[in-house]
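Taking it in order: structure first as structure tokens, then the write-up.
2 protein chains.
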Amino acid sequence: MSGKEIEVVQNIHDENDRIAQEVNKKLNDAGVFVINVMGAPGAGKTSSIISIIQNNPDKQFYVIEGDIESDIDAVKLQELGIDTIQINTNGACHLDAPVIQSSLQGLKIDKPGILFIENIGNLVCPAEFQIGEHIKMLICSAAEGSDKPYKYPLAFEKADLILLTKCDLKEFVDFDDDFFYKGIRALNKTTPIFEVNAKNGQGFGEVTAWLKENNLT
Amino acid sequence: MSGKEIEVVQNIHDENDRIAQEVNKKLNDAGVFVINVMGAPGAGKTSSIISIIQNNPDKQFYVIEGDIESDIDAVKLQELGIDTIQINTNGACHLDAPVIQSSLQGLKIDKPGILFIENIGNLVCPAEFQIGEHIKMLICSAAEGSDKPYKYPLAFEKADLILLTKCDLKEFVDFDDDFFYKGIRALNKTTPIFEVNAKNGQGFGEVTAWLKENNLT
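Heads up: the sequence lines are chains A and B, in that order. Quick note on our numbering: the first sequence kicks off at 423 and runs consecutively. Quick note on our numbering: the second sequence kicks off at 423 and runs consecutively.
In structure tokens:
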């Protein structure tokens, strides 16, 4: 990149981070804890959000559903009675803080709770942008294979919570547990990792227990 | 984006397309047909490349392996005796034409054949950048679910050839064939779609037949 291009990119990041802090303060003051949900296409982000919500029926949840196009996931959540709004980025590969700031006008927040922001399905770009979150939750499917921490290190390095989804598929893809965990621990020594399966609810009790221990539900 | 930012982005795209044409001309003149292999993380891009190569033992193949970090896939290909070089983008979310132009110096092309360029695992950004290819081959795993054409339309719209991989996992993810095919055909009426499984070779005979019909192998 030329000097001018680098300067423009830096300006975009600085402005994004400033707005992310504003978004976080506003939601934090309203008693809302914000979870940025990241993962590759088809990793199981929406299914994981639904499973966590259904494990905590007494808690207030909100969802901002980010997609390039379509409202498939937002409709699914709304049909379950979950307060959800849809953002379509029309091509953009990640959510950013200005987009979240604008979208908050459409979300009626009347009591404390947890806001899941489901980012665009992309294991690369979303990890580079703050969007006002308290924590980043990374969703990685067993079907993607055990080498993902080595190939997409930033997302694993920055994750505060990791869910390995579709664990029932491990045996069909020769998933190597040792290789996967070793790859994550080289980047991120402490982040909790939970193995889950949204089809039968496996592992979501442990995720709920972790959220409770951290006073989030 | 501001006017200045839009101008910079447009300049980057124009310059990229100019270099992509140069790369394509150089390789075309050498009798090399270039396939840009795109798909999400863990879709099975490398396994599909290996299966196609092993189905065509008499043909010359070259591979440029694009990853953010690591050389796991390049080593796998080299161990099979396939002429492969590795590009690490160190964070960048897609390959671009200048990167390919530079990397060609490291690839010894001494006879006509097919060059696979495996793009970064990302179903969004690579679709926006020409890298000198003759065709784009999209790899989509059944484990990702059948709604991908609706959520990531650009990649499906631009694909010249689509492989639905890991078809043995369809039954475990309630894959909806009709929904998947309908979604693709709304974007792309004619692109051939092959259902494959790299573990047992299923479907790669049909891919090879298609390549032969098009005088590529």
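All residues carry an ideal CB built from backbone N, CA and C; glycine is no exception.
Below-8 Å beta-carbon distance, residue i vs any chain A residue
i      : result
F490/B : One point to set straight first is that residue 490/B is Ile, not Phe, in the sequence displayed. So yes, I490/B belongs to the interface.
G513/B : yes
K498/B : no
L545/B : yes
I507/B : no
V430/B : yes
N615/B : One point to set straight first is that residue 615/B is Ile, not Asn, in the sequence displayed. Chain A, which has no Cβ nearer than 8 Å to the Cβ of I615/B, makes this no.
K533/B : no
I539/B : no
I542/B : yes
I441/B : no
Proximity of residue i and residue j at Cβ, strictly below 8 Å
i      : j      : result
P571/B : L545/A : no
I494/A : D569/B : yes
E566/B : L609/B : no
D582/A : I557/A : yes
N478/A : T639/A : yes
F551/A : N438/A : yes
A549/A : L576/A : yes
K592/B : A564/B : yes
F601/B : D590/A : no
I553/A : S525/A : no
V431/A : K426/B : no
E540/A : K634/A : no
Closest Cα partner of residue i within the set the options
i      : options                        : result
N637/B : S469/B, I504/B, I536/B         : I536/B
Q482/A : G453/A, G554/A, F551/A, G627/A : G453/A
V618/A : A496/A, I471/A, D451/A, D582/A : I471/A
D505/A : P534/A, N438/A, I606/A         : P534/A
L585/B : V459/B, I434/B, H435/B, N433/B : V459/B
I441/B : I522/B, E487/B, I606/B, F538/B : I522/B
L502/B : D599/B, L517/B, S469/B, G554/B : S469/B
G543/B : L526/B, Q527/B, I553/B, C562/B : C562/B
D518/A : K467/A, N446/A, S473/A, C589/A : N446/A
D596/A : I553/B, K588/B, E444/B, Q527/B : K588/B
F616/A : N510/A, I474/A, E555/A, E429/A : I474/A
A514/A : L499/A, K573/A, G488/A         : G488/A
E555/A : K573/A, V431/A, L449/A         : L449/A
Q443/B : P520/B, I509/B, A496/B, I428/B : P520/B
L560/A : Q508/A, D451/A, V629/A         : V629/A
N512/A : P614/B, K530/B, K573/B, Q500/B : K573/B
G461/A : K530/A, Q527/A, H516/A, D451/A : H516/A
H435/B : I507/B, C547/B, Y484/B         : C547/B
S492/A : I606/A, F455/A, N510/A, D598/A : N510/A
N622/B : Q476/B, F455/B, I457/B         : Q476/B
I457/B : Q508/B, D598/B, Y484/B         : Y484/B
Minimum Cβ-Cβ distance from residue i to chain B less than 8 Å
i      : result
K604/A : no
F594/A : yes
V618/A : no
K530/A : no
K426/A : yes
I553/A : no
I557/A : no
I494/A : yes
Paired residues, beta bridge with residue i - DSSP
i      : result
K573/A : Paired residue(s): none; K573/A is not in a bridge.
V618/A : Paired residue(s): none; V618/A is not in a bridge.
I509/A : G488/A
E628/A : Its beta-bridge partners do not exist; DSSP assigns none.
G461/A : I561/A
T587/B : S563/B
L537/A : V456/A, Y484/A
Taking a cut of 8 Å between CB atoms, which residues from the region 559 to 592 of chain B lie near chain A? S563, A565, E566, G567, D569, K570, Y572, K573, Y574, P575, L576, K588, D590, L591
Taking a Cβ distance cut-off of 7 Å, strictly less, list which residues of the region 463 to 480 of chain B are near chain A, in chain order. P463, G464
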